[in-house]
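Here's the structure, in structure tokens; my notes come after.
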């Protein structure tokens with residue numbers, strides 16, 4: 027674990043160094059780069075764009091995945107192997123190939139979504155889908171849905187009401203873990219963002235790519251900043267899982 031942290035530690039030290047070229051340690055320490063970073067409108071806008079599109083993709087994922095998982099587990103359990111195959115398809119197609127296909131489909135005169143956050147929302151949905159479905163499906167597999175819904179029906183509740191008042195509260199752990207982990211993954215995504223929207227809807231990863239020639243110290247500050255966001259979400263997911 028300590029070895030894996032060495033690159034991040036080196037990036038952190040470089041981001042707070044005045045210069046680092048003549049020894050094992052920086053020549054001096056300064057927080058100038060962070061002061062510049064956190065008052066730069068372009069960086070703040072890129073971070074906001076990343077957060078907005080990630081949250082939008084996660085909301086879309088939950089709206090589609092949770093009812094789908096419930097229908098499969100309760101009404102059509104024989105479809106579980108088929109769903110397990112479907113959710114693995116995003117891993118079978120590299121993001122570069124998917125991006126080229128999306129550009130060809132959504133760059134025509136009828137539907138033009140390239141360069142907008144909407145196409146990125148759909149692409150991020152495919153990235154988050156396997157992780158969200160697997161977390162929710164694992165949580166749902168631990169519930170005795172048949173007996174739970176039968177008891178609700180005997181008490182006069184409809185399936186719709188039982189789903190919202192009984193099933194969803196019991197899926198809280200799976201939902202929260204899938205949200206935290208998927209957010210950590212999506213905010214670091216670069217290929218879809220760079221190819222599909224680029225600077226027209228600049229995310230923090232695209233911003234980092236465009237700023238690579240500005241200053242190594244500045245780029246390191248950007249890397250450390252968004253890594254801290256990812257680390258925070260991962261820690262929250264782990265703590266939530268332990269608590270539950």
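In my numbering, the protein residues as written are 27 to 270.
Glycine included, every Cβ here is placed at the ideal spot set by N, Cα and C.
Let's test the definition: count the other Cβ atoms within 10 Å of the Cβ of residue i and tell me whether it reaches 16, buried, or not, exposed.
{"i": "residue 130", "result": "exposed"}
{"i": "residue 103", "result": "exposed"}
{"i": "residue 101", "result": "exposed"}
{"i": "residue 254", "result": "exposed"}
{"i": "residue 213", "result": "buried"}
{"i": "residue 247", "result": "buried"}
{"i": "residue 64", "result": "exposed"}
{"i": "residue 27", "result": "Only weak support is given to the placement of residue 27: the predicted model assigns it a pLDDT of 49, under 50, and the value that follows is read from those uncertain coordinates. Label assigned to residue 27: exposed."}
{"i": "residue 184", "result": "exposed"}
{"i": "residue 31", "result": "exposed"}
{"i": "residue 128", "result": "buried"}
{"i": "residue 177", "result": "exposed"}
{"i": "residue 227", "result": "buried"}
{"i": "residue 151", "result": "buried"}
{"i": "residue 239", "result": "exposed"}
{"i": "residue 149", "result": "buried"}
{"i": "residue 223", "result": "buried"}
Report yes if the C-beta distance between residue i and residue j is below 8 Å; otherwise report no.
{"i": "residue 125", "j": "residue 221", "result": "yes"}
{"i": "residue 37", "j": "residue 250", "result": "yes"}
{"i": "residue 286", "j": "residue 62", "result": "Here the chain covers residues 27 to 270 and nothing more, so residue 286 does not appear."}
{"i": "residue 175", "j": "residue 99", "result": "no"}
{"i": "residue 162", "j": "residue 201", "result": "yes"}
{"i": "residue 39", "j": "residue 52", "result": "yes"}
{"i": "residue 112", "j": "residue 132", "result": "no"}
{"i": "residue 66", "j": "residue 153", "result": "no"}
{"i": "residue 41", "j": "residue 59", "result": "yes"}
Where do the N-terminal and C-terminal ends of the alpha helix (DSSP H) with residue i fall, by residue?
{"i": "residue 160", "result": "143-167"}
{"i": "residue 109", "result": "106-112"}
{"i": "residue 123", "result": "121-131"}
{"i": "residue 93", "result": "67-100"}
{"i": "residue 116", "result": "115-118"}
{"i": "residue 46", "result": "Where residue 46 is concerned, there is no enclosing alpha helix (DSSP H), given that its DSSP letter is neither H nor E."}
{"i": "residue 170", "result": "That residue, residue 170, is in no alpha helix (DSSP H); it is neither H nor E in DSSP."}
{"i": "residue 219", "result": "217-222"}
{"i": "residue 188", "result": "185-188"}
{"i": "residue 202", "result": "198-212"}
{"i": "residue 62", "result": "58-63"}
{"i": "residue 236", "result": "230-236"}
Starting from the C-beta of residue i, find all residues in its chain whose C-beta is less than 8 Å away, skip the five residues before and the five after it, and write them out in chain order.
{"i": "residue 54", "result": "43, 44, 45"}
{"i": "residue 225", "result": "232, 236"}
{"i": "residue 91", "result": "155, 158, 159, 162"}
Give me, in chain order, the residues of the same chain whose beta-carbon lies closer than 6 Å to that of residue i; leave out the 5 immediate sequence neighbours on both sides.
{"i": "residue 260", "result": "210"}
{"i": "residue 252", "result": "230"}
Quick one: what's got a C-beta closer than 7 Å to residue i's C-beta in the same chain, skipping five residues either side?
{"i": "residue 147", "result": "79, 82, 83, 86"}
{"i": "residue 121", "result": "217, 218"}
{"i": "residue 68", "result": "233"}
{"i": "residue 189", "result": "96"}
Could one say the Cβ of residue i lies closer than 8 Å to chain B's Cβ atoms, at least one of them?
{"i": "residue 86", "result": "Judged by its chain identifiers, the structure shown contains no chain B, having just a single protein chain."}
Check whether the segment 156-176 touches the segment 207-220, counting contact only when three or more Cβ pairs, one atom from each stretch, lie closer than 8 Å. Under the Cβ criterion (8 Å, minimum of three pairs), the segment 156-176 counts as touching the segment 207-220.
For the segment 183-202 against the segment 159-172, do three or more pairs of beta-carbon atoms, one drawn from each stretch, fall closer than 8 Å, so that the two count as touching? Below 8 Å, enough C-beta pairs join the segment 183-202 and the segment 159-172 to call them touching: three or more.
With three or more beta-carbon pairs closer than 8 Å as the criterion, would you say the segment 223-241 touches the segment 64-75? The segment 223-241 vs the segment 64-75: in contact.
Spell out a yes or no on whether the segment 105-122 and the segment 134-145 are touching, meaning 3 or more CB-CB pairs, one atom from each, closer than 8 Å. Judged by Cβ distances under 8 Å, the segment 105-122 makes no contact with the segment 134-145, as fewer than three pairs qualify.
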